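Numbering (the working numbering), first residue to last: 4 to 229. All C-beta atoms in this analysis are idealised placements derived from N, C-alpha and C, irrespective of residue type, glycine included. None of the values given here were measured: they were computed from a predicted structure. Worksheet for the structure shown next.
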């Protein structure tokens, strides 16, 4: 099941596309460019449906920022029929476009084609990092144990990957937050704690026999040694 980020400020269009796509995919909804980018940075996304005219950051800005960090397929949605403008979006990194009002069968087909192409380009075996009974699948943002796997959010994945890269290091909250989010940590911010809690829960669901992350009181967190 693919994870699709739908960035569209029109409630009616959101509802229509959500109903269409959620039958076969997990759909995350954002109603502004700013909210869409926040979700994209926090979650592992397989495809983005992106409106051009958005509150906050517009579609052009969102596309530009996505392309600075990912080659995930992006389908632009526009009411514009100007072929020159559409070609500019494609040159800026969009994979495809849909002109409103759109045919739902066409939308479903274009989404399927982009997902298929993305999966084929990533069909090589995923790189793995092994710790105890858990495998971290580097290409798919997943953790796995035996034949079970679970998708991590992007920040959860980056936290675990950072800890794995420095297995003996005790990270303070400030160090870990600033390493993963690449911005200044503000005292009292609970964002890191929430992501650590979610990561621990997901690790425990796959392997409840051991702890993977330990808190060193008064210092920070690190990978738990055998």
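Count the other C-beta atoms from every protein chain shown that fall within 10 angstroms of the C-beta of residue i, then say buried if there are 16 or more, exposed otherwise.
i, result
"residue 79", "buried"
"residue 97", "buried"
"residue 102", "exposed"
"residue 220", "exposed"
"residue 161", "buried"
"residue 204", "exposed"
"residue 185", "exposed"
"residue 119", "exposed"
"residue 131", "exposed"
"residue 15", "exposed"
"residue 198", "buried"
"residue 141", "exposed"
"residue 71", "exposed"
"residue 189", "exposed"
"residue 133", "exposed"
Give the range of the alpha helix (DSSP H) segment to which residue i is assigned.
i, result
"residue 24", "14-24"
"residue 39", "36-45"
"residue 1", "Limits of the chain in this structure are 4 at one end and 229 at the other, which puts residue 1 out of reach."
"residue 208", "194-209"
For the beta strand (DSSP E) containing residue i, name the first residue and the last one.
i, result
"residue 30", "29-33"
"residue 5", "Premise fails: residue 5 is in no beta strand (DSSP E) and is neither H nor E."
"residue 217", "216-219"
"residue 143", "Taken as a continuous stretch (DSSP letters only), residue 143 belongs to no beta strand (DSSP E), as it is neither H nor E."
Among the residues of its own chain, which have a CB less than 6 Å from the CB of residue i, if the five just before and after it don't count?
i, result
"residue 170", "226"
"residue 6", "29, 48, 49"
"residue 136", "148, 210"
"residue 46", "156, 157"
"residue 82", "103"
Among the residues of its own chain, which have a CB less than 7 Å from the CB of residue i, if the five just before and after it don't count?
i, result
"residue 218", "224"
"residue 214", "227"
"residue 153", "145, 146, 205, 208, 209"
"residue 200", "none"
"residue 183", "158, 161, 162, 165"
"residue 42", "8, 31, 33"
"residue 151", "209"
"residue 44", "157"
By Cβ distance, which residues of its chain are closer than 8 Å to residue i, with the 5 residues on each side in sequence left out?
i, result
"residue 4", "27, 28, 29"
"residue 36", "10, 57, 58, 59, 60, 61, 62, 64, 65"
"residue 23", "107, 110, 111"
"residue 17", "9, 11, 32, 34"
"residue 76", "49, 50, 51, 98, 99, 117, 118, 120, 121"
"residue 173", "219, 222, 223, 224, 225"
"residue 202", "155, 159, 162, 163, 216"
Reducing DSSP to helix, strand and coil, say where residue i ends up.
i, result
"residue 100", "strand"
"residue 68", "helix"
"residue 1", "Any property of residue 1 remains undetermined from this structure, which presents the chain solely from 4 to 229."
"residue 228", "coil"
"residue 173", "coil"
"residue 108", "helix"
"residue 59", "coil"
"residue 152", "strand"
"residue 178", "helix"
The region 136-145 in contact with the region 107-123 per 3-pair CB rule at 8 Å: Judged by Cβ distances under 8 Å, the region 136-145 makes no contact with the region 107-123, as fewer than three pairs qualify.
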